[in-house]
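Peer 1: Chains X and V are the protein sequences, given in the same order. The first sequence runs 1 to 661 under the numbering used here. The second sequence runs 662 to 818 under the numbering used here. Note that beta-carbon positions come from the ideal geometry of N, C-alpha and C, so glycine has one too.
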Amino acid sequence: MAIVKMKKLRLMAVRSVRDELLRELLRRGCVEVSEPSELQAEGFASLIRRESSELMAERGRQQALQNALGVLDRYAPAKSPLLSPKPEVAGEKLLDDAALDAALATAETLRTQSERIRRIGAEESRLRSTIESLQPWLALDLPLERNETRSSAVTLGSMPIRSDLGKAEEAMALAAEEAELFPVSTDKSQRYLLLLSRKEQTAAAQDALRPFGYAPIAFTGMSGTAQENAERAEAELKALAEEKLACEQAIVDLAGERDSLKLACDAAATRIDLAETEEKLCATGSTLLLQGWMPAEREEELAEVFERFGCAWETEDPPEEEYPEVPVSLKNNKFTNSLNMVTNMYSLPAYGTVDPNPLMAPFFILFFGLMMADMGYGLLMVAAAIVAMAKMKPEGNARVFCQLLLYGGIATFAMGVLTGGFFGDVIYQLVHLINPDSTWPGLWHLFDPQADSILVLGGSMVLGLLHLNTGMAVSFAQKWKAGNKGDAIFEEGALWVILIGGLLFAADRLLLPNPFLHWAGIVVLALGGVALLFGAGRHAKGIGKLTAAFGCVYNTATGWFGDVLSYSRIMALMLAGGAVGKVFNIVAVMPAQSFGLNVLTGLAFVIIFLLGHGINFALNLLGCYVHDLRLQCLEFFGKFYADGGKPFRPLKYSGTYVKAK
Amino acid sequence: MNIIESFGGMALGMLGAALAAALACVGSAKGTGIAGEAGAGLVSEDPSKSGKVMILQVIPGTQGLYGFVIFFFALNKVTDLAGISVQQGLQILAACLPIAIGGLLSAIAQGKVAAASINILAKKPDDWSKGMIMCVVVEFYAILCMLSSIFIINAVA
């Protein structure tokens with residue numbers, strides 16, 4: 001329920017135990033190693049040297065394993081059962097060198113095979129284009145390499161079909177009288193011609209033909225007729241296809257190695273973490289200096305480890321000036337943990353400030369429920385969350401997401417009870433479809449969002465005021481604790497006085513008209529305003545007092561006005577979701593109303609209902625989450641939150657594909 | 662005035678309903694079209710992302726849906742009011758304008774954001790949900806338009 005207290009750890013050890021010590025820390029998973037602060041100190045740098053590691057090589061290995069998995073997925077896609085948990089393995093397996101080497105060998109095989117397939121693909125397209133270009137000449141029984149006799153030359157060429165062949169021949173006869181054109185074949189656009197001429201006249205004949213679109217075609221490096229060449233290429237293609245199949249089969253045969261590749265991937269990632277940690281260590285010839293952070297609550301456990309390795313070590317609470325350096329880890333119970341989804345997405349709180357999760361949780365979940373407000377949707381969310389948690393046994397962020405879905409679902413259901421929404425108004429529609437004379441008014445509800453929209457709007461803003469004041473209370477407490485009592489009184493305190501004045505004033509106007517309330521309200525408002533103005537100008541001098549006060553009034557007025565109005569989105573989303581759902585229900589019962597209730601109209605109802613509510617549910621889920629997020633991150637956090645905490649990343653096993661025990 | 666009266670209230674109300682559905686749907690068609698073009702480019706490179714591309718593509722499709730909802734409310738109102746007057750018809754026509762105009766323009770704007778989010782999906786696949794959130798920010802204004810239309814229709818007596 002708070003930000004975990006960290007201690008700064010400084011440790012010296014004999015260098016020979018380095019690997020063992022780091023692996024033990026990896027197993028414990030609770031120390032984040034940072035660079036020793038002495039590094040900057042004058043003269044220190046020359047005494048020690050940074051530990052080196054094989055970081056680049058480790059990264060290369062991990063990349064190779066990742067690529068191998070990609071190859072497997074392409075040629076032997078595995079149907080992973082939906083919602084399955086990650087396999088559990090012993091942590092030691094992630095440090096097993098032999099298994100990693102074996103997996104790397106498999107990865108290399110996969111790489112060569114997929115590389116070979118890629119080359120075959122390039123070769124195949126080359127052969128295909130050759131066959132394509134030979135197609136018009138298949139009828140020609142002259143070997144392609146035979147392009148001349150002693151005195152005559154043979155040239156192949158093409159001419160567009162729309163050119164007049166007769167005229168072309170006439171023109172050619174004028175330029176080279178003994179040349180002759182033999183048509184070989186035609187296709188849609190071209191006529192393929194063989195030009196036979198005396199060697200010395202070939203150029204003249206071609207020049208004469210050129211205005212008719214004639215273009216010579218040359219086949220180089222081919223022997224035999226076009227037919228023979230095409231057959232040869234076909235045979236090569238066939239052989240290549242077989243080879244490709246064999247390569248693919250070889251890859252498919254390795255599909256059984258997928259799990260060990262995944263394990264090796266995590267092993268390689270773990271080694272990268274180890275290597276990165278090693279680079280942060282400092283060493284002399286035989287000693288090692290490590291500095292880092294650890295949760296205060298794990299100190300006893302670690303003390304035992306350090307004793308075992310014969311380390312000299314000390315821990316200290318971080319002094320306040322080091323707070324920006326301290327990594328932040330949040331510790332929450334099951335309920336408030338779900339809000340890590342929001343805190344992680346926004347930014348962690350700075351060390352030494354407040355963990356917003358417990359404060360935010362009730363509001364976030366309540367607001368979400370109000371925006372969705374439908375029993376049916378709520379049940380769907382709860383069911384989805386429970387199934388996912390039972391089947392996937394999710395960890396980390398996925399788990400947080402499931403928890404949030406569960407609590408959001410419960411709230412959605414509860415608010416649905418209040419508004420009488422169950423997939424919009426489907427029960428009402430069905431009852432009236434079956435018995436058109438029914439006078440049943442629909443499910444019980446405390447309020448109807450559409451009829452009582454002004455009430456809902458007011459309620460949203462009252463909740464908003466509560467929410468904002470919670471944030472201000474935190475800010476007040478923080479300032480008070482830090483000794484800035486003046487700031488607390490003149491900023492938050494003054495605003496509260498104004499708020500009370502406003503409430504008194506509003507009570508007179510809206511609830512019980514009473515001149516006492518009216519005047520009391522005005523007096524309190526004035527008091528609060530003076531306090532706020534005084535507070536704003538307190539630190540400024542001379543004319544600055546005036547501008548500071550003016551700025552403060554402007555900011556406070558517009559800021560608060562905007563913040564409170566922003567909560568109207570709760571009403572907007574509540575109404576919009578309900579309205580869209582209702583229209584889908586009306587459309588869904590339409591066929592049955594027009595043509596009577598039968599199998600077809602029943603089917604139409606089911607299809608429209610499922611489709612419509614599917615869209616509406618997905619849309620609302622996303623919309624409500626985003627707008628709830630906005631209320632928390634912008635309006636609520638704006639009142640007190642100090643962000644910028646660095647997340648705590650202890651040295652631990654990597655868990656992309658497996659879960660280390 | 663005579664010309665308008667010669668149309669009759671019912672025709673005006675129906676014109677409103679038709680505009681709500683038509684303009685909002687045109688907007689959605691353009692929006693999903695813009696996103697779809699960008700999505701097709703990505704899928705041609707990496708077909709495995711087609712599911713996520715589809716989600717981003719349909720996001721600007723909701724304005725058409727909202728327009729349809731208003732079409733429905735308006736049509737119901739037109740048929741419910743027996744002997745609808747010209748004034749009432751004009752009121753319904755006015756009620757349809759927020760979603761007709763807001764839906765048209767917001768869907769196109771959202772389509773552009775969705776297309777840009779498809780770029781996120783291409784370059785930083787892990788962060789694609791952030792693009793989705795950006796799209797939903799635009800969505801809110803379409804929701805407000807739909808609600809304004811509903812409120813005005815409900816106020817027509």
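For the beta strand (DSSP E) containing Gln190/X, name the first residue and the last one.
Peer 2: In the first sequence, counting from the first residue as 1, residue 190/X sits at position 190. Looking at the DSSP string, the run of the beta strand (DSSP E) that includes Gln190/X is 190-198.
Peer 1: Please determine if the stretch 172-182 of chain X and the stretch 120-130 of chain X are in contact, where contact requires at least 3 C-beta pairs separated by less than 8 Å.
Peer 2: No: the two stretches stay apart, fewer than three of their Cβ pairs being nearer than 8 Å.
Peer 1: Mind pulling the chain V residues with CB within less than 8 Å of Gly623/X?
Peer 2: Counting from one through the first sequence, the residue named residue 623/X turns up at place 623. Within chain V, the residues near Gly623/X are Val797, Glu800, Phe801, Ile804.
Peer 1: If we ignore side chains and look at the alpha-carbon of each, how far apart do Leu104/X and Lys582/X end up?
Peer 2: As a working note, residue 104/X is residue 104 in the first sequence. As a working note, residue 582/X is residue 582 in the first sequence. Spanning the two alpha carbons is a distance of roughly 58 Å.
Peer 1: Please confirm whether Gly352/X and Glu320/X have their CB atoms less than 9 Å apart.
Peer 2: Working through the first sequence from its first residue, we reach residue 352/X at position 352. Working through the first sequence from its first residue, we reach residue 320/X at position 320. Their beta carbons are under 9 Å apart, which means Gly352/X touches Glu320/X by this criterion.
Peer 1: Compare the C-beta of Val342/X against all C-beta atoms of chain V and say whether one is closer than 9 Å.
Peer 2: Here residue 342/X refers to the residue found at position 342 when the first sequence is read from its first residue. Not one chain V Cβ lies under 9 Å of Val342/X.
Peer 1: According to DSSP, is Gln291/X helix, strand or coil?
Peer 2: Numbered from 1 along the first sequence, position 291 holds the residue referred to as residue 291/X. Here Gln291/X sits in strand by DSSP.
Peer 1: Which of the residues in the stretch 553-586 of chain X, read from start to end, lie with their CB under 8 Å from any CB of chain V?
Peer 2: For the stretch 553-586 of chain X, which is checked against every Cβ of chain V, the residues closer than 8 Å are Arg569, Ala572, Leu573, Leu575, Ala576, Ala579, Val580, Val583, Ile586.
Peer 1: Could you give the C-beta distance for Ala576/X and Pro591/X, rounded to a whole number, given that I count them as a contact under 8 Å?
Peer 2: What you label residue 576/X is simply residue 576 of the first sequence in a count that begins at 1. What you label residue 591/X is simply residue 591 of the first sequence in a count that begins at 1. With a Cβ gap of about 26 Å, Ala576/X and Pro591/X do not count as contacting.
Peer 1: Tell me Glu180/X's beta-bridge partners as DSSP assigns them.
Peer 2: Residue mapping note: residue 180/X aligns to position 180 of the first sequence, counting from 1. Looking at the DSSP assignment, Glu180/X forms a beta bridge with Leu196/X.
Peer 1: Does the count of Cβ pairs from the stretch 65-75 of chain X and the stretch 264-274 of chain X closer than 8 Å reach three?
Peer 2: Touching, per the Cβ criterion.
Peer 1: Using beta carbons (cut-off 9 Å, strictly below), is Asn815/V in contact with chain X?
Peer 2: Working through the second sequence from its first residue, we reach residue 815/V at position 154. Chain X, which has a Cβ nearer than 9 Å to the Cβ of Asn815/V, makes this yes.
Peer 1: Listed in chain order, which residues of the stretch 668-683 of chain V have Cβ atoms closer than 7 Å to some Cβ of chain X?
Peer 2: Those residues of the stretch 668-683 of chain V that come within reach of chain X (Cβ to Cβ, closer than 7 Å) do not exist; the list is empty.
Peer 1: Mind checking Thr220/X: buried by the 16 CB within 10 Å criterion, or exposed?
Peer 2: In the first sequence, counting from the first residue as 1, residue 220/X sits at position 220. Looking at its Cβ environment, which holds fewer than 16 other Cβ atoms inside 10 Å, Thr220/X is exposed.
Peer 1: Hey, is the stretch 632-639 of chain X in contact with the stretch 330-350 of chain X, meaning 3+ C-beta pairs nearer than 8 Å?
Peer 2: Flag = yes, the stretch 632-639 of chain X and the stretch 330-350 of chain X touch.
Peer 1: Say yes only if the C-beta of Ser286/X is nearer than 8 Å to one or more non-hydrogen atoms of the ligand FAD, and no if none qualify.
Peer 2: In terms of ligand content, the structure shown is empty, and the ligand FAD therefore cannot be addressed.
Peer 1: At a Cβ threshold of 9 Å, is His432/X touching chain V?
Peer 2: By 1-based counting over the first sequence, the position of residue 432/X is 432. Not one chain V Cβ lies under 9 Å of His432/X.
Peer 1: Strictly below 7 Å CB to CB, what residues from chain X border Leu808/V?
Peer 2: On the second sequence, position 147 is the one that residue 808/V refers to. Simply Ala572, Leu575, Ala576.
Peer 1: Using DSSP's beta-bridge definition, name the partner residues of Ser152/X.
Peer 2: Numbered from 1 along the first sequence, position 152 holds the residue referred to as residue 152/X. According to DSSP, Ser152/X bridges with Arg198/X.
Peer 1: So which of His613/X, Gly378/X, Ala383/X has the shortest CA-CA distance to Leu418/X?
Peer 2: Within the first sequence, residue 418/X is the residue found at index 418, counting from 1. When each option's Cα is compared against that of Leu418/X, the closest is Gly378/X.
Peer 1: Would Trp444/X be called buried (16 or more neighbouring beta carbons within 10 Å of its own) or exposed?
Peer 2: The residue you call residue 444/X lines up with position 444 of the first sequence. Trp444/X comes out exposed.
Peer 1: Could you please give the first and the last residue of the uninterrupted beta strand (DSSP E) stretch that includes Trp519/X?
Peer 2: As a working note, residue 519/X is residue 519 in the first sequence. No beta strand (DSSP E) holds Trp519/X; the alpha helix (DSSP H) holding it covers 515-537.
Peer 1: Which residues does DSSP pair with Pro349/X in a beta bridge?
Peer 2: Position 349 of the first sequence, counted from the first residue, corresponds to residue 349/X. In DSSP, Pro349/X forms a bridge with Asp643/X.
Peer 1: Please report the straight-line C-alpha distance between Leu193/X and Leu765/V, rounded to a whole angstrom.
Peer 2: Within the first sequence, the letter at position 193 stands for residue 193/X. Within the second sequence, the letter at position 104 stands for residue 765/V. Between Leu193/X and Leu765/V, the C-alpha separation is close to 60 Å.
Peer 1: Look up Ala215/X in the DSSP assignment and give the residues it is bridged to.
Peer 2: Locating residue 215/X in the first sequence gives position 215, counting from the first residue. Its beta-bridge partners are Ser158/X.
Peer 1: In the DSSP output, which residue or residues are listed as bridge partners for Ile454/X?
Peer 2: Locating residue 454/X in the first sequence gives position 454, counting from the first residue. None; Ile454/X has no bridge partner.
Peer 1: In the stretch 702-736 of chain V, which residues sit with their C-beta less than 8 Å from some C-beta in chain X, listed in chain order?
Peer 2: Hits within the stretch, in order: Thr723, Leu726, Tyr727, Phe729, Val730, Phe733, Phe734.
Peer 1: What is the rounded straight-line gap between the Cα of Glu228/X and the Cα of Thr106/X?
Peer 2: Counting from 1 along the first sequence, the entry for residue 228/X is found at position 228. Counting from 1 along the first sequence, the entry for residue 106/X is found at position 106. Glu228/X and Thr106/X: Cα-Cα distance of roughly 42 Å.
Peer 1: Between the Cα of Pro647/X and the Cα atoms of Pro295/X, Ala122/X, Thr412/X, Leu240/X, which residue gives the shortest distance?
Peer 2: Here residue 647/X refers to the residue found at position 647 of the first sequence. Answer by Cα proximity: Pro295/X.
Peer 1: Among Ala783/V, Ser790/V, Thr723/V, Ala681/V, which has the Cα closest to the Cα of Pro708/V?
Peer 2: For the purposes of this step, residue 708/V is identified with residue 47 of the second sequence, where counting begins at 1. Of the candidates Ala783/V, Ser790/V, Thr723/V, Ala681/V, the one whose C-alpha sits nearest the C-alpha of Pro708/V is Ala783/V.
Peer 1: Can you pull the chain X residues whose beta carbon is under 7 Å from the beta carbon of Ile779/V, in chain order?
Peer 2: Working through the second sequence from its first residue, we reach residue 779/V at position 118. By Cβ distance, chain X contributes nothing, its closest Cβ being about 17 Å from Ile779/V, past 7 Å.
Peer 1: Enumerate in chain order the residues of its own chain whose CB-to-CB distance from Gly285/X is below 8 Å, with the five nearest sequence positions on each side excluded.
Peer 2: Looking up residue 285/X in the first sequence gives position 285. Arg15, listed in sequence order.
Peer 1: Helix, strand or coil for Glu88/X? Go by DSSP, reduced to three states.
Peer 2: Looking up residue 88/X in the first sequence gives position 88. If DSSP states are grouped into helix, strand and coil, Glu88/X belongs with the strands.
Peer 1: Would you call the CB atoms of Leu209/X and Ala171/X closer than 9 Å?
Peer 2: As a first step, residue 209/X is located in the first sequence; it is residue number 209 there, counting from the start. As a first step, residue 171/X is located in the first sequence; it is residue number 171 there, counting from the start. It is a contact, given that the beta carbons lie within the stated cut-off.
Peer 1: Enumerate in chain order the residues of its own chain whose CB-to-CB distance from Ala548/X is below 6 Å, with the five nearest sequence positions on each side excluded.
Peer 2: Taking the first residue of the first sequence as 1, we reach residue 548/X at position 548. Hits under 6 Å: Ala536, Gly537, Ala540.
Peer 1: So with CB distances below 8 Å, who are the chain X contacts of Ile829/V?
Peer 2: Within the shown structure, residues of chain V are numbered from 662 to 818, placing residue 829/V beyond reach of any answer.
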